[in-house]
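Below is one structure, written out as structure tokens; comments come after it.
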Amino acid sequence: MIPTLTGTVAEDALGRVLMHEHVFVLNAELMINYPAMFPEDAMVERAVTVLKEVQATGIDTYVDLSVMGTGRNVPVLHRIAEQVDLKILLATGWYTYHEAPVFAQLNGPGRLFDGPDPLAEMFIQDIRHGIGQTGVRAAVLKCSADKYGMTDGVMNVMQAVADAHLETEAPIFTHSDPGNGTGLAQQDYFESRGVDLTGVVVGHCGDTDDLDVLRRIADRGSVLGMDRFGLESRLPYEARVEAVVRMCALGYADRMVISTDSSVFSMNFPDAHRRDHLPLWDARSVMPRVVADLRAGGVGEDDIDQMMQHNPARILGSASRREDA
Ligand SMILES: [Zn+2]
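Under numbering that gives the first Met the number 0, the residue at position 133 of the sequence shown is numbered 132, and the numbers go up by one with no gaps.
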């Protein structure tokens, strides 16, 4: 069984899944010191409204990839989950493009304070026993690499993610930057650690429409996160649709998932900017708009089901399948 915010769900009951979203993108330091930046009651209310609307479009499951470094806050999310039927899955990991948190730089194997890797221990704890005192278990692992490439800090987190994956078999989701090849570098590292790449979702592949880049990642078995529809600054919406249409025509529907990487509220992204410039960057647009445009582009129902249901079930169910075997 796969852990959700409010219980567990069987692989075949996940339904249609958004594989890379965020209820909130927050900052724990700001929330402690400037609490007015996150009016919790109003934000919970907003999230309940939005997530009910997401579900009304035909989505059943929502993977929230917020982790430490982006203010993952399970008690607040739990207030929301209790009021919606949408199944919400959580992640563990540490979000950084550059440096690891100082405690992780100083503690761990071969570091100033020699001992077990604290990040790996945290991630395993989140997956096996639950996050903090909430009892809510993380379903997936997350790491990131962006414009700075595979820095020491990025590698520190990746190493812990690989350790936790090898221990728990939880699937790995990444944030990559197809512009500088970090997706391939993530694959190289995980492969070197003996991770089965077919269980790795390389995120933000949809930021490119270079089919050679996409095929190089997909041909190694990983699933491409075509997961930023509506984020115009990286690649226009139409080009994202066209890339998925062409990849489906080449037979890659079993290697892609569709999502938006948007959020109900982000401390980093002003509401007004999104309203004025990114109207489609919204989880509520996937079924009525993205999927409709894929169909109009010639993608068949089998391929839609493959990307929205079967691929997510295969990836998210991988850990529990091995557990049950
Ligand atoms: Zn994200």
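All C-beta atoms in this analysis are idealised placements derived from N, C-alpha and C, irrespective of residue type, glycine included.
When DSSP builds the beta bridges, which residues end up paired with residue i?
i    : result
A90  : V139
G152 : In DSSP, G152 forms no bridge with anything.
F356 : Residue 356 lies beyond the range of the chain shown here (0 to 324); nothing can be said about it.
T7   : P2
M67  : W93
M225 : I257
Quick check on DSSP: helix, strand or coil for residue i?
i    : result
I130 : coil
G220 : coil
M246 : helix
N106 : strand
P117 : helix
L279 : coil
P2   : strand
V199 : strand
T207 : coil
V256 : strand
F172 : strand
F122 : helix
V83  : coil
Exposed or buried, what is residue i when buried is set at 16 or more other beta-carbons lying within 10 Å of its beta-carbon?
i    : result
R127 : exposed
H276 : exposed
N72  : buried
D218 : exposed
N32  : exposed
G102 : It should be pointed out that residue 102 corresponds to Phe in this sequence rather than to Gly. Exposed, since its Cβ has fewer than 16 Cβ neighbours within 10 Å.
K146 : exposed
A248 : exposed
Q132 : exposed
S221 : buried
A35  : exposed
P108 : exposed
R320 : exposed
G193 : exposed
P287 : exposed
L25  : buried
P170 : buried
R299 : Before going further, note that residue 299 is Gly rather than Arg in the sequence given. When all chains shown are included, G299 counts as exposed.
G6   : exposed
G134 : exposed
P177 : buried
A48  : Per the sequence presented here, residue 48 reads as Thr, with Ala not at that position. Exposed.
Provide the residue span of the alpha helix (DSSP H) that contains residue i, from first to last.
i    : result
D40  : E39 to A55
S265 : Segment S262 to S265 is the beta strand (DSSP E) holding S265; no alpha helix (DSSP H) there.
M30  : A27 to N32
P269 : Note, P269: premise wrong, no alpha helix (DSSP H); not H, not E.
H309 : Element bounds for H309: n/a, residue is neither H nor E.
L293 : A291 to A295
Assuming residue i is part of the beta strand (DSSP E), what are its boundary residues?
i   : result
Y61 : T60 to D63
E20 : V16 to V24
Looking at chain C, is there any beta carbon in it that lies within less than 7 Å of the beta carbon of residue i?
i    : result
G250 : The displayed structure is made up of one protein chain only, and chain C is not part of it.
Counting Cβ pairs, one atom from each stretch, are 3 or more of them under 8 Å apart for the stretch 264-275 and the stretch 169-186? Verdict: no, contact absent.
Between the stretch 56-71 and the stretch 103-116, are three or more C-beta pairs nearer than 8 Å? Output reads no: the stretch 103-116 does not touch the stretch 56-71.
Using 8 Å as the cut-off, can you tell me whether the stretch 35-45 makes contact with the stretch 6-18, which would need three or more C-beta pairs spanning the two stretches below that distance? no
Assess, as a yes-or-no matter, whether the stretch 14-22 is touched by the stretch 254-266 under the definition of 3 or more beta carbon pairs within less than 8 Å. yes
Between the stretch 224-234 and the stretch 204-211, can you find at least three pairs of beta-carbon atoms closer than 8 Å? yes
So does the stretch 147-161 actually touch the stretch 279-293, counting three or more Cβ pairs closer than 8 Å? no
Evaluate contact between the stretch 83-93 and the stretch 136-146, counting only Cβ atoms and requiring at least three cross-stretch pairs below 8 Å. yes
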